[in-house]
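Enquirer: Residue numbers (the numbering used here): -8 to 593. The beta-carbon is built from N, C-alpha and C at its ideal position, and this holds for glycine as well.
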């Protein structure tokens, strides 16, 4: 780009001037043929005047009509050769006129010190007038503050343009700050000579830089408003997601439990990961984790319905595979296009095992007291909502000192790796993650590289069956009695319960209520069940649990006994005096009927 003053020149000017000169040339001398060849004899034969000079020609003798025709033809030809007035070209405009009308910021500098040659009106409006001839560091301190001077050096050396985007600029007399994208382009600033325009300060050719600042304030502010709107939408979505999760986990007597949920990505489309802890009574605890495929409010809504259904089915105290069977049918009814994975597990401290069923979910990891980690083996079935599959239950030991982790695929799945590699990495991290369950959750997140920008939702549920020693162990006791049929079974059960409760140093009131409840449950089992029968008493730091099992799978129910009835009041008495009661079928056949009493806080 040659930066100099331009003269107004239009194409074809010299050609048209030459044509006009030709038409203005003098005619030939007398006697020289000036017209067409056929008119020359007639001109020579014209009569002379009395003084010997040729007389003025007449119309009849000079052929004035043909001459006029020739002149007309010459004029027409000239008009045909000269086109109509052409529109002006850019050559008619000066550089100042062009750059001065651009609303963008324009500055021209030259030489290694970037001496100022020109700024346009828009630049002066934002930053004020700038003296020509001075270095950019002196005359254009705003470019130094924006970090453009090193960029201009690069442009001058390399001869290639460079661009920086969205630099914030104080608005000068503007009511708000602006944002500009600056492009530095290499140019050649030519000598201009004397000129009335004070902006031109260059008096010798130099390499220079054209600084062009495009106002992108509206775009930046629109983008900021969009980001703020997306942030609000995401916050609302995350709030919805978290509101569907447990606000506070239930804490079982025999387990320490903690969970964490981290939404993935930065958009508003949160996923359908969920977890839950449900105390079933008699010291048993259900643990659930699941993941609805897809993202957004729809997935979160399906998740909320499934979580509510799990809690309802858990109250039935069904085996894990039966719970998943019910969830499978419900998931298809809720939304056939949404598929979910889920693990439902039940921990029984009396058995020291974790009984579970899986619907297409990742395996549970169990860490033994010696620190070794293993995966819970099959069985597993297809995800919920697919239908046509009979789920089965499996079990894994989880005694005192053991831990387990349930998780969703966002923790271990990566786009560039096989998911088994992620599970193996989790096994290694879990083996070395010591501490309380909440600390283990945090360590697993860090070990697997889960950050706030992770692109998938993550849910983790960690449970520990702690080893109890010292005074803590004194708060947990178990006692059991095998019952044999006959009239002596009921008195033996009452005597056993009385002795155990007395040794546990309960208050007389709680002692008597416990003996009464044990007597009624045993009587009910003797009347309606069949062997094998067993009475179990369990004490935790928060409750007393009394449980009777037998070989009959008919579950009792509470009913209203009429005044004349001699039986039917045992379950009603237990339900009245106990804090809670319930019944369930046992895995090997038969049933268990239980009740529990809350212990006073000491």
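Using only alpha-carbon positions, find the residue among 516, 511, 466 that is nearest to residue 496.
Expert: Sequence index remark: in the chain shown, residue 496 carries index 505 (1-based). Checking every option, the nearest Cα to that of residue 496 belongs to 466.
Enquirer: Mark residue 24 as exposed unless 16 or more other C-beta atoms lie within 10 angstroms of its C-beta, in which case mark it buried.
Expert: Working through the chain shown from its first residue, we reach residue 24 at position 33. Model confidence at residue 24 stands at a pLDDT of 41, short of 50, so the residue's coordinates are unreliable; what they give is reported in the following sentence. Result: exposed.
Enquirer: Going by alpha carbons, who is nearest to residue 531 out of 503, 498, 589, 525?
Expert: By one-based count along the chain shown, residue 531 stands at place 540. Ranking the options by Cα distance to residue 531, first place goes to 589.
Enquirer: Check whether the stretch 335 to 343 touches the stretch 260 to 280, counting contact only when three or more Cβ pairs, one atom from each stretch, lie closer than 8 angstroms.
Expert: The answer is yes - the stretch 260 to 280 touches the stretch 335 to 343, with three or more Cβ pairs under 8 angstroms.
Enquirer: Identify the residues that DSSP records as bridge partners of residue 524: which are they?
Expert: Within the chain shown, residue 524 is the residue found at index 533, counting from 1. DSSP output for residue 524 lists 474 as bridge partner(s).
Enquirer: Below 8 angstroms CB to CB, which residues in the same chain sit around residue 159 once its five sequence neighbours on both sides are set aside?
Expert: For the purposes of this step, residue 159 is taken as the residue at position 168 of the chain shown. Only 168, 169, 170 meet the Cβ criterion.
Enquirer: Does the stretch 432 to 447 come within contact of the stretch 238 to 256, defined as at least 3 CB pairs closer than 8 angstroms?
Expert: Yes, they touch.
Enquirer: To the nearest angstrom, how far is it from the Cα of residue 385 to the Cα of residue 354?
Expert: Stepping through the chain shown from its first residue, residue 385 is reached at position 394. Stepping through the chain shown from its first residue, residue 354 is reached at position 363. One C-alpha to the other measures close to 12 angstroms.
Enquirer: Between 500, 483, 521, which lies nearest to residue 510 when the distance is taken from Cα to Cα?
Expert: The count along the chain shown starts at 1 and reaches residue 510 at position 519. Considering only alpha carbons, the answer is 483.
Enquirer: Which runs of the alpha helix (DSSP H) at least 4 residues long sit entirely within the stretch 99 to 174? Give them in chain order.
Expert: As far as the stretch 99 to 174 is concerned, its whole alpha helix (DSSP H) runs of at least 4 residues are 112 to 118, 127 to 130, 132 to 136, 140 to 149.
Enquirer: Which runs of the beta strand (DSSP E), 3 residues or longer, sit entirely within the stretch 311 to 376?
Expert: For the stretch 311 to 376, whole beta strand (DSSP E) runs of length 3 or above, ordered along the chain, are 331 to 339, 344 to 350, 356 to 358, 364 to 366.
Enquirer: Applying the criterion that 16 or more other CB atoms from any shown protein chain within 10 Å of the CB defines a buried residue, is residue 408 buried or exposed?
Expert: One-based indexing of the chain shown puts residue 408 at position 417. Exposed, since its Cβ has fewer than 16 Cβ neighbours within 10 Å.
Enquirer: Do you know offhand how far residue 173's Cα is from residue 448's?
Expert: Within the chain shown, numbered from 1, the residue matching residue 173 stands at position 182. Within the chain shown, numbered from 1, the residue matching residue 448 stands at position 457. For residue 173 and residue 448, the distance between alpha carbons rounds to 39 angstroms.
Enquirer: Since residue 587 sits in a beta bridge, which residues does DSSP pair it with?
Expert: As a working note, residue 587 is residue 596 in the chain shown. Beta-bridge pairing links residue 587 to 536, 571.
Enquirer: Taking only three categories from DSSP, how would you classify residue 179?
Expert: The sequence position of residue 179 within the chain shown is 188, counting from 1. It is a strand residue.
Enquirer: I'd like to confirm the pairing. Which residues does DSSP put opposite residue 197 in its beta bridges?
Expert: Numbered from 1 along the chain shown, position 206 holds the residue referred to as residue 197. Residue 197 pairs with 180.
Enquirer: Tell me, to the nearest whole angstrom, how far the beta carbon of residue 266 is from that of residue 236; I am working on the premise that it is less than 8 angstroms.
Expert: Here residue 266 refers to the residue found at position 275 of the chain shown. Here residue 236 refers to the residue found at position 245 of the chain shown. With a Cβ gap of about 7 angstroms, residue 266 and residue 236 count as contacting.
Enquirer: Taking the alpha carbon of residue 145 as the point to measure from, which residue in 104, 123, 391 has its own alpha carbon closest?
Expert: Locating residue 145 in the chain shown gives position 154, where the first residue counts as 1. It is 104 whose Cα lies nearest to the Cα of residue 145.
Enquirer: Measure the C-alpha to C-alpha separation of residue 133 and residue 118 and round it to an integer number of angstroms.
Expert: Counted from its first residue, the chain shown places residue 133 at position 142. Counted from its first residue, the chain shown places residue 118 at position 127. If I take the Cα positions, the gap works out to 8 angstroms.
Enquirer: What does a CB cutoff of less than 7 angstroms around residue 382 pick up in its chain, not counting 5 residues either side in sequence?
Expert: Here the question's residue 382 lines up with position 391 in the chain shown. Hits under 7 angstroms: 312, 315, 316, 348, 350, 372.
Enquirer: Does the Cβ of residue 330 have 16 or more other Cβ atoms within 10 Å, making it buried, or fewer, making it exposed?
Expert: Here residue 330 corresponds to residue number 339 of the chain shown, with the count starting at 1. The residue in question, residue 330, is buried, as its Cβ has 16 or more Cβ neighbours within 10 Å.
Enquirer: Since residue 529 and residue 540 are thought to touch, with beta carbons under 8 angstroms apart, how far apart are those beta carbons, to the nearest angstrom?
Expert: Your numbering for residue 529 matches position 538 in the chain shown. Your numbering for residue 540 matches position 549 in the chain shown. Not confirmed; about 13 angstroms, so no contact.
Enquirer: When we look at the beta-carbon of residue 425 and count the other beta-carbons within 10 Å, is it buried (16 or more) or exposed?
Expert: For the purposes of this step, residue 425 is taken as the residue at position 434 of the chain shown. Exposed, by the Cβ-count rule.
Enquirer: Quick one: what does DSSP say residue 413 is sitting in, helix, strand or coil?
Expert: Here residue 413 is taken as the residue at index 422 of the chain shown, counted from 1. Three-state DSSP puts residue 413 in a helix.
Enquirer: Would you call the CB atoms of residue 302 and residue 325 closer than 9 angstroms?
Expert: On the chain shown, position 311 is the one that residue 302 refers to. On the chain shown, position 334 is the one that residue 325 refers to. It is not a contact, given that the beta carbons lie outside the stated cut-off.
Enquirer: Going by DSSP, what residues sit across from residue 530 in a beta bridge?
Expert: The count along the chain shown starts at 1 and reaches residue 530 at position 539. In DSSP, residue 530 forms a bridge with 468, 535.
Enquirer: Of the choices 462, 264, 458, 179, whose alpha-carbon is the least far from that of residue 292?
Expert: Position 301 of the chain shown holds residue 292. Measuring from the Cα of residue 292, the nearest candidate turns out to be 264.
Enquirer: With distances taken Cα to Cα, identify the nearest neighbour of residue 471 among 478, 487, 457.
Expert: Along the chain shown, one-based indexing puts residue 471 at 480. Ranking 478, 487, 457 by Cα distance to residue 471 puts 487 first.
Enquirer: With 9 angstroms set as the bound, which would you pick, yes or no: does the beta-carbon of residue 209 sit closer than that to a beta-carbon of chain D?
Expert: Judged by its chain identifiers, the structure shown contains no chain D, having just a single protein chain.
Enquirer: Locate the alpha helix (DSSP H) running through residue 426, then write down its first and last residues.
Expert: Position 435 of the chain shown holds residue 426. Here residue 426 belongs to no alpha helix (DSSP H), and DSSP marks it neither H nor E.
Enquirer: Using a Cβ distance threshold of 8 angstroms, determine whether the stretch 195 to 208 contacts the stretch 224 to 231, with at least three qualifying pairs required.
Expert: In short, these stretches do not touch, since the Cβ pair count stays below three.
Enquirer: Confirm, please, whether the CB-CB distance from residue 396 to residue 453 is below 9 angstroms.
Expert: Locating residue 453 in the chain shown gives position 462, where the first residue counts as 1. Locating residue 396 in the chain shown gives position 405, where the first residue counts as 1. Yes.
Enquirer: Scan the stretch 195 to 238 and note each continuous alpha helix (DSSP H) run of 4 residues or more that stays entirely inside, going in chain order.
Expert: Runs of the alpha helix (DSSP H) inside the stretch 195 to 238: 208 to 235.
Enquirer: For residue 210, is the classification buried or exposed, using 16 other Cβ atoms within 10 angstroms of its Cβ as the cut-off for buried?
Expert: Indexing the chain shown from 1 puts residue 210 at position 219. Residue 210 should be labelled exposed.
Enquirer: Who are residue 498's beta bridge partners in DSSP?
Expert: For the purposes of this step, residue 498 is taken as residue 507 along the chain shown, with counting starting at 1. For residue 498, which the question treats as bridged, DSSP gives no partner whatsoever.
Enquirer: My assumption, with CB atoms under 8 angstroms, is that residue 273 sits in contact with residue 538. Please give the rounded CB distance.
Expert: Within the chain shown, numbered from 1, the residue matching residue 273 stands at position 282. Within the chain shown, numbered from 1, the residue matching residue 538 stands at position 547. So it is a contact: roughly 5 angstroms between Cβ atoms.
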